[in-house]
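Numbering (the numbering used here), first residue to last: 4 to 267.
No residue lacks a Cβ here, since even glycine has one placed at the ideal position from N, Cα and C.
Worksheet: the structure to be examined is printed underneath.
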Ligand code: MN
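Here it is as structure tokens:
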């Protein structure tokens, strides 16, 4: 695994995003970041192989199996990106506001051909499924729960880079028919809305810089993430005033492509 692309795209003296660093161990956490950049989208990240495997999901994940969400695989991110919430300054890659929308843990659900070849629940098993382009996982998050499939697409469109996947909810108890992600504009770390994080004029944070309220945290790994976030918060919030819109064009085109599900 490599964070070269992550490093190449960023200027770390300008962005508050964490520097690239490969971890030796993976805890199988996941994070979904709501990212108000040139285009609003959600970044879906799974901790494995010492990095966060990452997909940009233009419409965001859904708990409705009828929604087949386009998910564009993007560069691996460092694990420390897990709790990054704040503002990427204008003129930088991905400029805009980032919210930690959901956090939790994930486990691989091995299909038969993979089962038996690898120790269940390990990175090796997960990597095999990822390579195959048929990646089934179970999420245990604050907002997202239950089983999901990430299916690699073979695009019919010429010139596509093979980065297109579909993120699809499987049928189970966690299904919510007609799931509307816009109803849940609240940070999993701080309870803030995207407008509050971005310091938009008229947002609550703009009017009174009240401390973010949050409930008791049960999971120790989440408490760690929140503690780290608190350390960084002052720096981020002082930089996070104003509605930064990126100048650079995002790579994510919003249109659903003419693709057919063909796992490879
Ligand atoms: Mn993004």
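> For residue 143 versus residue 107, is the C-beta distance shorter than 8 angstroms?
Replying inline: yes
> In its own chain, which residues sit with a C-beta less than 7 angstroms from the C-beta of residue 29, not counting the 5 before and 5 after it?
Replying inline: 50, 51, 52, 53, 126
> How is residue 216 classed by DSSP in three states: helix, strand or coil?
Replying inline: Only weak support is given to the placement of residue 216: the predicted model assigns it a pLDDT of 45, under 50, and the question is left unresolved by the model.
> DSSP three-state call for residue 74: helix, strand or coil?
Replying inline: Assignment of residue 74 by DSSP, reduced to helix, strand and coil, places it in the strand class.
> Counting along the chain, where does the beta strand (DSSP E) carrying residue 59 start and finish?
Replying inline: 54-60
> Where do the ends of the beta strand (DSSP E) carrying residue 167 lie?
Replying inline: 167-172
> Is residue 44 near the ligand MN, going by C-beta to nearest heavy atom under 7 angstroms?
Replying inline: Indeed, a heavy atom of the ligand MN lies less than 7 angstroms from the Cβ.
> In terms of alpha-carbon separation, which member of 85, 39, 129, 191 lies closest to residue 91?
Replying inline: 39
> Candidates 69, 66, 45, 71: which alpha carbon is nearest residue 60's?
Replying inline: 45
> Near residue 123, what residues of its chain come up, given a Cβ to Cβ distance below 7 angstroms and the 5 sequence neighbours on each side ignored?
Replying inline: Cβ neighbours of residue 123 beyond the five flanking positions: 113.
> Of the choices 140, 66, 18, whose alpha-carbon is the least far from that of residue 176?
Replying inline: 66
>> Using a Cβ-based criterion (distance less than 7 angstroms to any ligand heavy atom), does residue 98 qualify as near the ligand MN?
In response: Checking the Cβ of residue 98 against the ligand MN gives no.
> Taking Cβ positions, are residue 110 and residue 31 nearer each other than 8 angstroms?
Replying inline: yes
> Got a sec: does the ligand MN put a non-hydrogen atom nearer than 7 angstroms to the Cβ of residue 191?
Replying inline: No, Cβ of residue 191 sits at least 7 angstroms from all heavy atoms of the ligand MN.
> If you draw a straight line from the alpha carbon of residue 35 to that of residue 150, how long is it in whole angstroms?
Replying inline: Their Cα atoms are separated by approximately 15 angstroms.
>> Quick check: is any heavy atom of the ligand MN less than 7 angstroms from the C-beta of residue 80?
In response: no
> Mind checking residue 16: buried by the 16 CB within 10 Å criterion, or exposed?
Replying inline: Counting other Cβ atoms within 10 Å of its Cβ, residue 16 stays below 16 and is therefore classed as exposed.
> Which stretch, first to last residue, makes up the beta strand (DSSP E) that contains residue 182?
Replying inline: Looking at the DSSP string, residue 182 is not in any beta strand (DSSP E), and its letter there is neither H nor E.
> By how many angstroms is the C-alpha of residue 202 removed from the C-alpha of residue 190?
Replying inline: 14 angstroms
>> Considering just the uninterrupted stretch of the beta strand (DSSP E) at residue 39, what are its terminal residues?
In response: 32-39
> Should residue 55 go down as buried or exposed, given a rule of 16 or more other Cβ atoms within 10 Å for buried?
Replying inline: Residue 55 comes out buried.
>> Below 7 angstroms, is the gap between the Cβ of residue 74 and the nearest heavy atom of the ligand MN?
In response: no
> Any idea if residue 230 is buried or exposed, counting beta-carbon neighbours within 10 angstroms, 16 or more meaning buried?
Replying inline: exposed
> How would you call residue 5, buried or exposed, if buried means at least 16 neighbouring beta carbons within 10 angstroms?
Replying inline: Exposed, because fewer than 16 other Cβ atoms sit within 10 Å of the Cβ of residue 5.
> Of all the options 99, 152, 198, 153, which has the alpha carbon lying nearest to the alpha carbon of residue 188?
Replying inline: 198
>> Give me the residue from 178, 161, 157 with the minimum Cα distance to residue 168.
In response: 157
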